[in-house]
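Chains A and B are the protein sequences, given in the same order. Using the numbering used here, the first residue of the first sequence is number -15, and each one after it goes up by one. Using the numbering used here, the first residue of the second sequence is number 19, and each one after it goes up by one. Here a beta-carbon is modelled for each residue, glycine too, at the ideal position from N, C-alpha and C. Notes follow once the structure below has been shown.
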Amino acid sequence: MQRDDFANPAMLGVAAGEAAWNRPPENGKPACSGCHGDINGSMRGVDARYPARNAVNGAVLDLPGRIQLCRSQHQALTPEPRESAALLALQAAIALRSRGMPVEAPSARGLSDAVARGEMLYRQRLGQLNLSCAQCHDDHWGRSLGGTRIPQGHPTGYPLFRLEWQALGSLQRRLRNCFTGVRAEPFPAGASEWIDLEIYLRERAAGMASDAPAVRP
Amino acid sequence: MRRGAGAFGLAAMLVLPAAAQGPVAGKAMEHGAVPEAAPLATSRPADPANGRKIVVERRRGFCLLCHSGPFPEARFHGDLAPSLAGTGSRWTEGQLRARLIDSTAINAETIMPPYFRTGGGNRIGPVFIGKPILTAEEIEDVTAFLTTLRD
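Listed below in structure tokens is the structure:
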């Protein structure tokens, strides 16, 4: 399903995102394409090197966070909320332009501190069920948790269409699912802890091909 | 614990590989090496039939997410931990209870959740703070049921 763009339901999000890319807002500010031009050229490889440190304010932003910043800074609009269909669609359209490209190691972009923080979180037992990410996704990947095969926790396909969600969703949504599964309190949407965790997962996945927007069970 | 620290250390080393190797490895363990827990104070006698329900029902005990066992009506048993078949032959009632209450006291690296521990933990969801996963009655029910699983 993932390999056939006509069968991959995430491609509906890509189509919506491409339309949004080219549509100028009603306030007279430029469309995304007004500054960046053709999405195929300007967004090539961008997802493979996010999260990244913003050159202006120094903040470490994931791709949805960067899209939100653009929307408020350059389009004078209220950013679309995280997990909204509009933001996921734009993210999917941008992520597609890194398909097949190797995920870049965040440590090579000055993000080693975030990698270390993310790894600490990954190895910390969490929630009432007292499990760390590592205990399932490192120690028991490939085995069955109930009827579910435990994956290695690679972040290369997001945003992706999950059959369980019946929708396009973000990596943070997926991480939140694991947190609630072990009865832990998730971080707020967009929290720096989620971004640290994504950066650590990307460090582990460095060199793997980006396959966003992917399809997962 | 009747044995010395050496025997306990051996047990701690054995517990982790047992999760990967299944019941045969578990059978080789020495009973005396694993701590036992005394019955919890409860409001009613233990009910093994209810214990079986807790084990089988996915959202109550979570047992079959990791364990398999003689439960033909339950689909999709996990394979992260040994089968529960014959567990009553391998462990005493007190040892089974001790594992349920807080398995990390036996093996610090275990993936088994602490079912009757309320202290410690990180970022526990607000509705679960200060509450054990199972009540004392449920721990006694599950313990009583597991002792009936004989080889």
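| said: Quick check: the Cα distance between V16 (chain A) and H95 (chain B), rounded to an integer number of angstroms? | reply: Note on residue identity: the sequence assigns Cys, not Val, to residue 16 (chain A). Using only the alpha carbons, I get a separation of about 49 Å.
| Burial state of R115 (chain B), where buried means 16 or more other Cβ atoms lie within 10 Å | The residue in question, R115 (chain B), is buried, as its Cβ has 16 or more Cβ neighbours within 10 Å.
| said: On the DSSP letters alone, give me the boundaries of the beta strand (DSSP E) that A151 (chain A) sits inside. | reply: Residues 151 to 153.
| task | Along the beta strand (DSSP E) that carries F163 (chain B), what are the first and last residues, could you check? | result | Counting along the chain, F163 (chain B) sits inside no beta strand (DSSP E); it lies in the alpha helix (DSSP H) bounded by residues 154 to 165.
| request: With 7 Å as the threshold, decide whether the Cβ of I157 (chain B) is near any Cβ in chain A. | output: Under the 7 Å criterion on CB atoms, I157 (chain B) is classed as non-interfacial with respect to chain A.
| Exposed or buried, what is W5 (chain A) when buried is set at 16 or more other beta-carbons lying within 10 Å of its beta-carbon? | Classification of W5 (chain A): buried, given that the 10 Å Cβ count is 16 or more.
| query | Between the beta-carbon of I142 (chain B) and the beta-carbon of Q112 (chain A), is there less than 7 Å? | reply | Their beta carbons are under 7 Å apart, which means I142 (chain B) touches Q112 (chain A) by this criterion.
| With burial defined as no fewer than 16 other Cβ atoms inside 10 Å of the residue's Cβ, what is the status of L98 (chain B): buried or exposed? | It is buried - the Cβ of L98 (chain B) has at least 16 other Cβ atoms within 10 Å.
| query | Does any CB atom of chain A fall closer than 7 Å to the CB of F94 (chain B)? | reply | Chain A, which has a Cβ nearer than 7 Å to the Cβ of F94 (chain B), makes this yes.
| Where does P132 (chain B) land, buried or exposed, given buried means 16+ other C-beta within 10 angstroms? | The residue in question, P132 (chain B), is buried, as its Cβ has 16 or more Cβ neighbours within 10 Å.
| query | Which whole-angstrom value describes the C-beta separation of Q75 (chain A) and P48 (chain A), a residue pair presumed to lie in contact below a C-beta threshold of 8 Å? | reply | Yes, Q75 (chain A) and P48 (chain A) are in contact; Cβ-Cβ is about 5 Å, under 8 Å.
| request: Identify each residue in the stretch 159 to 170 of chain A for which the Cβ-Cβ distance to at least one residue of chain B is less than 9 Å, and report them in chain order. | output: Listed in sequence order: F163, T164, V166, R167, A168, E169, P170.
| said: Given this structure, state the Cα-to-Cα distance separating S154 (chain A) from A175 (chain A), to the nearest angstrom. | reply: Taking the Cα positions, S154 (chain A) is about 14 Å away from A175 (chain A).
| Between which two residues does the alpha helix (DSSP H) harbouring L(-4) (chain A) extend? | Looking at the DSSP string, the run of the alpha helix (DSSP H) that includes L(-4) (chain A) is -6 to 6.
| said: Residues of chain A with CB closer than 8 Å to the CB of N140 (chain B), please, in chain order. | reply: Within chain A, the residues near N140 (chain B) are Q108, R109, L110, G111, A168.
| field | Residue of A:A0, A:T132, A:I134, A:I179 minimising C-alpha distance to V44 (chain A) | value | Of the listed residues, the one whose Cα sits closest to V44 (chain A) is A:I179.
| message | So the candidates are B:V52, B:P53, B:E54, B:P66; which of them puts its Cα closest to the Cα of E158 (chain B)? | response | That would be B:P66, whose Cα lies nearest to the Cα of E158 (chain B).
| Which bits of chain A does I119 (chain B) rub up against, with CB to CB less than 7 Å? | At a beta-carbon threshold of 7 Å, none of the residues of chain A lie near I119 (chain B); the nearest stands roughly 13 Å away.
| said: Given this structure, state the Cα-to-Cα distance separating G18 (chain A) from P143 (chain A), to the nearest angstrom. | reply: CA-CA distance, G18 (chain A) to P143 (chain A), rounds to 24 Å.
| query | On the three-state DSSP scale, how would you describe S17 (chain A)? | reply | Three-state DSSP puts S17 (chain A) in a helix.
| query | Is L146 (chain B) close to chain A, meaning its C-beta is less than 7 Å from at least one C-beta of that chain? | reply | For clarity, residue 146 (chain B) is Phe in the given sequence; the question names Leu instead. Yes, contact with chain A.
| 7 Å Cβ shell around E156 (chain B) - same chain, five flanking residues per side excluded | Apart from sequence neighbours up to five positions away, the residues of its chain that approach E156 (chain B) with a beta-carbon distance below 7 Å are I72, ordered along the chain.
| said: With a threshold of 7 Å between beta-carbons, can S128 (chain A) be considered close to chain B, or not? | reply: Interface residue, yes.
| DSSP state of L144 (chain A), grouped into three classes? | Here DSSP, grouped into helix, strand and coil, assigns L144 (chain A) to strand.
| said: Just verifying my parser: in three-state terms, what is the DSSP assignment at S128 (chain A)? | reply: S128 (chain A) falls in the strand class under three-state DSSP.
| task | Would you mind reading off the limits of the alpha helix (DSSP H) that contains H9 (chain B)? | result | Because chain B here runs from 19 to 169, residue 9 (chain B) falls outside it and cannot be looked at.
| How far does the alpha helix (DSSP H) with V99 (chain A) in it reach, from first residue to last? | Its alpha helix (DSSP H) spans residues 96 to 107.
| task | Please work out which residues of its chain come closer than 7 Å, Cβ to Cβ, to A77 (chain A), disregarding the five sequence neighbours upstream and downstream, and give them in chain order. | result | So the qualifying residues of the chain are V(-2), G1, E2, W5, I23.
| query | Between G130 (chain A) and L83 (chain B), is the Cβ-Cβ spacing less than 7 Å? | reply | For G130 (chain A) and L83 (chain B), yes; Cβs fall inside 7 Å.
| Neighbour list for Q119 (chain A) in chain B, Cβ cutoff strictly below 7 Å | Within chain B, the residues near Q119 (chain A) are I129.
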